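Colleague: Take a look at the following structure, please.
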Amino acid sequence: MVDEMYADINNPEIANNGYFANRTILTTTNAVVQRINEAVAQRLEGVSQEYLSTDAVEKDEEVNFFEQEVLHTVNINGIPPHKLTLKKGPPIMMMRHLNPDLGLCN
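Quick note: the sequence shown uses UniProt numbering, first residue 1, plus one each step.
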């Protein structure tokens, strides 16, 4: 399905924002979304950039409440995963307003 939907993904004359808007894949679970995103990213030319979540707490008494390794495996709907790998080109859609003052909103 990914090969059919994104056959021209590396053609700069074709693969613009409209290209992606007209090739949306809907799925029922985040796990399937992750697999599709990885398959599309593998086909997309360019260098991947990895972004990691911040490991900080707001209150001192919460410092040892959860182990970092456990927190890194938790995937909450609407929140980016601990490790987010992106490539330049395809659009990114926020699923919730993370920080509207900084422009981090859908």
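A virtual CB, placed ideally from N, CA and C, is assigned to each residue, including glycine.
It should be emphasised that the depicted structure is a prediction, and the values quoted were computed from it without experimental measurement.
1) Within 10 angstroms of its Cβ, does residue 6 collect 16 or more other Cβ (buried), or is it exposed?
2) Starting from residue 51, trace the beta strand (DSSP E) both ways and give me its first and last residue.
3) Exposed or buried, residue 76, counting other C-beta atoms within 10 Å across all chains shown (16 or more means buried)?
4) Would you decide whether residue 92 is buried or exposed? Buried here means 16 or more other CB atoms lie within 10 Å of its CB.
5) Where does residue 99 sit, in a helix, a strand or coil, going by DSSP?
6) Nearest to residue 70 by alpha carbon, out of 84, 55, 27?
Modeller: In short:
1) The residue is buried, with at least 16 neighbouring Cβ atoms inside 10 Å.
2) Residues 49-52.
3) exposed
4) exposed
5) strand
6) 55
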